[in-house]
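A short worksheet on the structure shown next.
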Amino acid sequence: MEIIVDAYGPEEQAIGWYCYLENNLQFPFSARYIDRRPRSGCDIVREVTVTGLAELEECEAEIYVLIDWDGDPLPVPLRKVDPFTTDEKTLEAVGDWHYWVDQGYGYT
Numbered sequence: 097m098e099i100i101v102d103a104y105g106p107e108e109q110a111i112g113w114y115c116y117l118e119n120n121l122q123f124p125f126s127a128r129y130i131d132r133r134p135r136s137g138c139d140i141v142r143e144v145t146v147t148g149l150a151e152l153e154e155c156e157a158e159i160y161v162l163i164d165w166d167g168d169p170l171p172v173p174l175r176k177v178d179p180f181t182t183d184e185k186t187l188e189a190v191g192d193w194h195y196w197v198d199q200g201y202g203y204t
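The numbering used here puts the first residue of the sequence shown at 97, with every later residue one more than the last.
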């Protein structure tokens with residue numbers, strides 16, 4: 097994958113993904129935050145506004161974005177965010193991350 101083609105290890109992969117997303121996500125955008133709770137059989141689904149990427153240091157194990165949660169910024173994993181009102185570039189970038197995660201890849 098072009099995003100991490102020159103990455104030598106997890107830290108460089110994390111930086112590669114972070115830079116790719118930082119350059120391609122257009123904030124703010126509307127999305128569904130989906131938190132699956134298998135033990136309870138209940139999913140939390142909430143429409144939110146995604147306001148930015150979390151700091152790079154918070155994204156060392158997984159990419160986090162900031163959502164507006166009742167007026168406060170809340171970092172959540174990007175894999176739990178499904179954009180529905182945004183531009184094509186943002187949709188593609190989030191889709192790339194979801195594909196990466198769904199294939200079982202990571203950088204930890």
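Yeah, the Cβ is synthetic: ideal placement off N, Cα and C, and Gly gets one too.
With which residues is residue i paired in a DSSP beta bridge?
i	result
V144	A127
G138	Looking at the sequence provided, one finds Cys at residue 138 rather than Gly. C138 is bridged to R133.
V177	Y129
D168	W165
Within 10 angstroms of the Cβ of residue i, are there 16 or more other Cβ atoms? Answer buried if so, exposed if not.
i	result
Q78	Outside the displayed range of the chain (97 to 204) lies residue 78, so it cannot be described from this structure.
P179	buried
Considering only C-alpha positions, which residue in the set the options is nearest to residue i?
i	options	result
L152	L170, E118 and D178	E118
E143	A127, D166 and Q109	A127
L121	V197, Y195 and E188	E188
Short of 8 Å in beta carbon distance, which residues of its chain neighbour residue i, apart from the five on each side in sequence? Order them along the chain.
i	result
S193	The identity of residue 193 in the sequence shown is Trp, whereas the question assumes Ser. Only W113, L117, I159, L174 and R175 meet the Cβ criterion.
Would you identify the three-state DSSP class for residue i, choosing helix, strand or coil?
i	result
I163	strand
L121	coil
Sorted by chain position, which residues of the same chain lie with C-beta nearer than 7 Å to residue i's C-beta, five sequence neighbours on each side aside?
i	result
E154	Y160 and P171
F123	V146, T147 and G148
Spatial neighbours of residue i within its chain, please: CB distance less than 6 Å, with the 5 preceding and 5 following residues excluded, ordered by chain position.
i	result
I140	D131
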